[in-house]
Structures are given as C-alpha cells and as structure tokens.
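In our numbering, the protein residues as written are 135 to 341. Notes follow once the structure below has been shown.
Printed below as a string of structure tokens:
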C-alpha cells in the first residue's frame, strides 16, 4: 500500500528545508493545509542528519495539490522551500513506509530519553499535541448495544454543550405545537418536522 502513495498524487515532496526542522515541525506547518497522514524527513543513514527534503502524505489528491500551491516558495526560517507532487522513481516506498522503533522509551527525533517526540526540545515550533489514543474505539467494540448507545449520546453532549440547551429549548415548543394542532394532524406533523429538522441538522454539523 505504501508504495502506491506517491503515484496516487497524495504525497508532496518538499525540498530546501532547514536542516534543524523536525517531523513534528513539518506536521504542524502542513496540517494548516489539510489532514496530514504522515511526515517523513529524509536523513543520512550514517549521521541521521536531515538532508533538507521530506515527503508529506495527505489523505487525498486535492489536499496535496492545494498544499503545493500554498507552500511552494514560502519562507521557512530564512529559506524558500519548494513543494511539488512527488514522483515515484522506485524509491518512494523507502521513504514513506512505516518505520519500526524498537526502543520506544527514547524520542525518535533526538534519540534521548525522558520525553516523547511531540515534546522534543529540538522542535523549532515547540510542542505538538499528541494524537488521541484509540482506547475508546476498542471499548465500543466490546461494549453491549445499550452501552454503545449511551457512549454515542455522551459524546455528542461532550463535543458541544449548546446542543443540549438547544434540545431543551425545542422540546417545550414542540409539545405546545402538538397540542395546538391536535385538530389538524397534517398541519401538526409539518410543524413538528419544522422543529425536528433544524435540530437534526445542527447535530449533524456539530458532530
């Protein structure tokens, strides 16, 4: 799969980078364009020093193309960086494939212990927020159906407190409308839909 990333045109090749820039620095910079899947700085095999070039893998082709237009020739710590869609010359998989780090107690940016790469002192742009853990998804898989439903509801309320207040405001008005329209079931149904639809739409947007 990794070998097909560059031909898919979703990988951006960046050159003329400052040698001190880290993977996390580039992640923060390019995440402003779109969702970044992976950042790979090309390093010397012996010295592990950056060669000033990197591959930025995006989720899709359009994101990669938009990124090249936005980033190309922009100044980064005094250097005009170059960005273009990566061309597979047979070595793309070497740079894009997932790396294995046997000693996870050490930072893969600097190789020192006591911190993770997200908080590495060598990150020129400071600390980066670590990715969210995937424990919640695992819990959902083993949970009972009733528990899964509760989790989904609590997640909605947790993401935006205004969603709960919106629901509370709609319920009294909905009840009042139903009472007023008991004599006309068709009109009553239209009014009820008028209240429910915006709620559903708002919930969909907030999610």
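The C-beta atom is built at its ideal place from N, Cα and C for all residues, glycine as well. Remember, it's a predicted structure, so these values are computed and weren't measured experimentally.
Counted within 10 angstroms of its Cβ, other Cβ atoms place residue i as buried (16 or more) or exposed
i           : result
residue 203 : exposed
residue 205 : buried
residue 214 : exposed
residue 218 : exposed
residue 221 : exposed
Beta-carbon proximity list for residue i, same chain, < 6 Å, skipping 5 on both sides
i           : result
residue 157 : 173, 175
residue 318 : Caution is warranted here: a pLDDT of 47 is assigned to residue 318, below 50, making its placement in the model unreliable, and no coordinate value can be reported.
residue 192 : 144, 168, 198
residue 207 : 214
residue 180 : none
Cβ pair residue i, residue j closer than 8 Å
i           : j           : result
residue 187 : residue 146 : no
residue 183 : residue 153 : yes
residue 123 : residue 167 : Since the displayed the chain opens at 135 and closes at 341, residue 123 lies outside it and no answer follows.
Supposed close pair residue i, residue j - CB separation, criterion 8 Å
i           : j           : result
residue 185 : residue 194 : Going by Cβ atoms, the distance from residue 185 to residue 194 rounds to 27 Å, so no, they are not a contact pair.
residue 164 : residue 170 : 5 Å
Same chain, Cβ closer than 8 Å to residue i, neighbours up to 5 away in sequence not counted
i           : result
residue 151 : 160, 175, 184, 186, 187, 188, 210, 213, 215
Cut-off 7 Å between Cβ atoms - residues of its own chain near residue i, not counting five sequence neighbours on either side
i           : result
residue 143 : 195, 198, 219
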